[in-house]
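Student: Input: one structure, supplied below.
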Amino acid sequence: MSLAVLSSRALFGPRVWPVQVEVHVGGGLPSFSIVGLPGAGVRESRERVRSALLSSGFEFPAGRITANLAPADLPKDSGRFDLPIALGVLLASGQIADARGRAPDVRHYVLAGELSLTGSIVPADAVLAIALSVARDDPRAVLIMAPEAAGVAARVPGLRVLAAAGLDEVVAHFTGRAALPAAAPACGEPADEAPPPCLSDVRGQAAARRALELAAAGGHGLLLSGCPGVGKSMLARRLPGLLPPLTPEQALEVAAVHGLARSRPLLSRVPPFRAPHHGASMPALVGGGARPRPGEISLAHHGVLFLDELPEFGRQALEALREPLETGCVTVARAAGSCTFPARFQLVAAMNPCPCGWHGHPHPQRECRCSREAIARYRGRISGPLLDRIDLHVGLGVESAWLDAPPGEPSAPVRERALAARHRQLARQGCLNAELDGAALERHAGPDAEGRALLMRAAAAWGWSARAARRAQRVARTLADLDGSDRIEAGHMAQAVQYRPDSGA
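Shown next, in the form of structure tokens:
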């Protein structure tokens with residue numbers, strides 16, 4: 416045959432698009448052209464494919480070879496098209512045939528892999544994103560990848576994945592000489608992965624520990640404010656140890672997002688923890704680039720995003736967090752199209768009370784020397800709308816006797832209480848309290864008459880927005896769940912009010 420058609424996949428942001436790889440071998444002066452809006456990585460396939468064919472013992476056709484990657488208006492840039500192009504050249508030039516001399520049926524096969532000059536197959540990037548797309552698009556599809564990538568792809572339920580180490584093995588499979596082995600799913604967690612740090616390392620700071628438990632129980636955002644060295648970062652890094660392990664589906668989602676960022680997909684059950692430096696740009700935080708890639712908020716999907724030194728982040732970067740905190744996703748728009756990345760993260764932020772860090776915390780050797788204007792400018796770097804979207808605001812004080820304090824309660828019992836509260840929420844309303852909104856908020860988090868009156872007085876006294884009042888309701892609902900109460904009582908609402916800014920706490 417002079418024409419072969421195979422299937423592969425292209426990526427634009429988190430979206431995976433089916434691509435038909437059409438290869439035609441005809442007469443004329445020898446040439447090798449790749450069309451269909453190929454990027455530099457695809458155009459270079461010509462040299463890799465030529466060398467891989469010759470190194471594997473096959474002939475490179477002495478004719479006019481054209482490879483078309485359809486649809487032609489979709490940008491394509493990756494070495495993953497090497498394998499289908501090489502196999503297409505062999506099929507179109509008649510070098511592959513089964514025992515009866517017929518061309519093999521490749522209709523339900525999807526191939527993705529970069530070829531080395533020796534003909535071995537190099538793992539493609541975004542393995543899980545491709546595998547999830549193939550499983551969703553065609554239940555009968557068979558995915559062929561390099562062994563390392565195939566083990567990761569085999570974690571997708573219901574997907575048949577074959578592992579091929581080289582081009583010659585793929586040819587042997589289609590000619591019937593030796594079938595490719597089915598890939599075994601890669602192990603669930605890296606053997607060298609350390610467990611999250613334990614909460615028992617934190618001595619003192621009872622109010623902050625309580626807020627951390629509350630955040631874990633209801634999925635609430637948390638802002639820790641205090642002078643340097645009081646334990647803000649230490650507390651934040653212990654939140655993942657209080658969260659439930661990721662479900663298999665969530666672990667696949669997280670690993671797929673990390674694969675889009677071209678980092679190693681860990682397939683871990685531990686919720687991710689991301690702590691970008693305060694010098695991170697807006698694209699680094701929310702995602703972007705000419706070929707959109709996920710930012711830190713997407714890499715923290717189903718986990719924790721920790722922003723230390725919150726006022727030091729760029730204003731534009733911080734304001735870009737507002738919509739993802741509400742919607743759980745972020746849309747990156749480019750001239751070639753827009754793409755939406757998942758961003759259902761739990762925000763934990765930390766800041767000092769002033770530029771020097773000692774305002775409001777008298778110390779015999781450290782006295783705040785910041786002017787009122789400097790303090791106002793420092794705090795003004797964080798907008799009111801962003802603060803409104805953070806449920807829990809906790810101030811940490813200096814505890815001089817912390818060395819004599821006993822070790823704090825370990826993470827395990829705190830996690831058990833938080834998980835019990837989460838189970839109550841999911842059984843009652845199907846989501847965490849931090850995600851309650853609209854009619855569901857009033858139905859499941861409506862306080863009693865005394866609690867409602869207290870909430871209205873607090874909102875009027877401190878000028879809260881409607882959003883801030885609703886978030887106080889959500890916190891009160893979580894406090895009730897931790898107490899095992901079906902009703903939000905006035906005491907729960909009084910505690911929730913204390914976690915809002917300007918509440919006098």
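Going by the working numbering, the letters in the sequence shown line up with residues 416 to 920, in that order. The beta carbon of each residue, even a glycine, is placed where N, CA and C say it ideally should be.
According to DSSP, is G656 part of a helix, a strand, or is it coil?
Tutor: In the structure shown, G656 sits in a helix (DSSP, three-state: H, G or I).
Student: Quick check on the DSSP output: what are the complete beta strand (DSSP E) runs of length 3 or more inside the stretch 561 to 612, in order along the chain?
Tutor: As far as the stretch 561 to 612 is concerned, its whole beta strand (DSSP E) runs of at least 3 residues are 575 to 578.
Student: Tell me where the beta strand (DSSP E) around L421 begins and ends.
Tutor: Unbroken beta strand (DSSP E) run through L421: L418 to F427.
Student: Less than 8 Å between C-beta atoms, sequence neighbours within five positions excluded: which residues of the same chain meet that for S446?
Tutor: Same-chain partners within the cutoff: R479 and I480.
Student: How far does the alpha helix (DSSP H) with R794 in it reach, from first residue to last?
Tutor: Run containing R794: R787 to R794, per the alpha helix (DSSP H) assignment.
Student: Smallest Cα separation from R759: which of P726, F728, G718 and A732?
Tutor: Checking every option, the nearest Cα to that of R759 belongs to G718.
Student: If you reduce the DSSP assignment to three classes, tell me which class R430 lands in.
Tutor: Looking at R430 - three-state DSSP - the assignment turns out to be strand.
Student: Let me know if E584 comes out buried or exposed under the rule of 16 or more other beta-carbons within 10 Å of its beta-carbon.
Tutor: So E584 ends up on the buried side.
Student: Among residues of its own chain, excluding the 5 on either side of F756, which ones have a beta-carbon nearer than 6 Å to its beta-carbon?
Tutor: The answer, listed in chain order, is P429, G702, P709, S713 and V745.
Student: Secondary structure at A920, three-state DSSP: helix, strand or coil?
Tutor: With a pLDDT of 44 at A920, under the threshold of 50, the modelled position of this residue cannot be trusted; read the value that follows with caution. Looking at A920 - three-state DSSP - the assignment turns out to be coil, as it is neither helix nor strand.
Student: Counting C-beta neighbours from all protein chains within 10 Å, is the total for V450 16 or more, i.e. buried, or is it exposed?
Tutor: Looking at its Cβ environment, which holds fewer than 16 other Cβ atoms inside 10 Å, V450 is exposed.
Student: A891 and P862: beta carbons closer than 8 Å?
Tutor: Their beta carbons are under 8 Å apart, which means A891 touches P862 by this criterion.
Student: Which residue from P739, P476, L725 and S460 puts its Cα closest to that of V440?
Tutor: Nearest option by C-alpha distance: P476.
Student: Straight-line CA distance for V525 to G634?
Tutor: Taking the straight line joining both Cα atoms gives about 39 Å.
Student: On the CB-based measure, 16 or more other CB atoms within 10 Å of its CB, does T893 come out buried or exposed?
Tutor: So T893 counts as buried.
Student: Rounded to the nearest angstrom, what separates Q913 and A876 at their Cα positions?
Tutor: In a straight line, the C-alpha of Q913 is about 13 Å away from that of A876.
Student: List the whole-angstrom C-beta distance separating P655 from P698, where the pair is believed to meet the contact cut-off of C-beta under 8 Å.
Tutor: About 25 Å; that fails the 8 Å criterion.
Student: Taking P768 as the reference, give the member of H907, S640 and E437 with the closest Cα.
Tutor: Of the candidates H907, S640 and E437, the one whose C-alpha sits nearest the C-alpha of P768 is S640.
Student: Using DSSP with H/G/I as helix, E/B as strand and the rest coil, what is E824?
Tutor: Correct three-state label for E824: coil.
Student: Helix, strand or coil for F496? Go by DSSP, reduced to three states.
Tutor: It is helical.
Student: By a C-beta neighbour count over all protein chains shown, 10 Å radius and 16 as the cutoff for buried, is H716 buried or exposed?
Tutor: With 16 or more Cβ atoms within 10 Å of its Cβ, H716 is classed as buried.
Student: How would you write the range of the beta strand (DSSP E) that H808 sits in, first residue to last?
Tutor: Segment L807 to L811, the beta strand (DSSP E) holding H808.
Student: Let's test the definition: count the other Cβ atoms within 10 Å of the Cβ of Q888 and tell me whether it reaches 16, buried, or not, exposed.
Tutor: Buried: at least 16 other Cβ atoms inside 10 Å.
Student: If I follow the unbroken beta strand (DSSP E) through Q731, where does it start and stop?
Tutor: No beta strand (DSSP E) holds Q731; the alpha helix (DSSP H) holding it covers R730 to E734.
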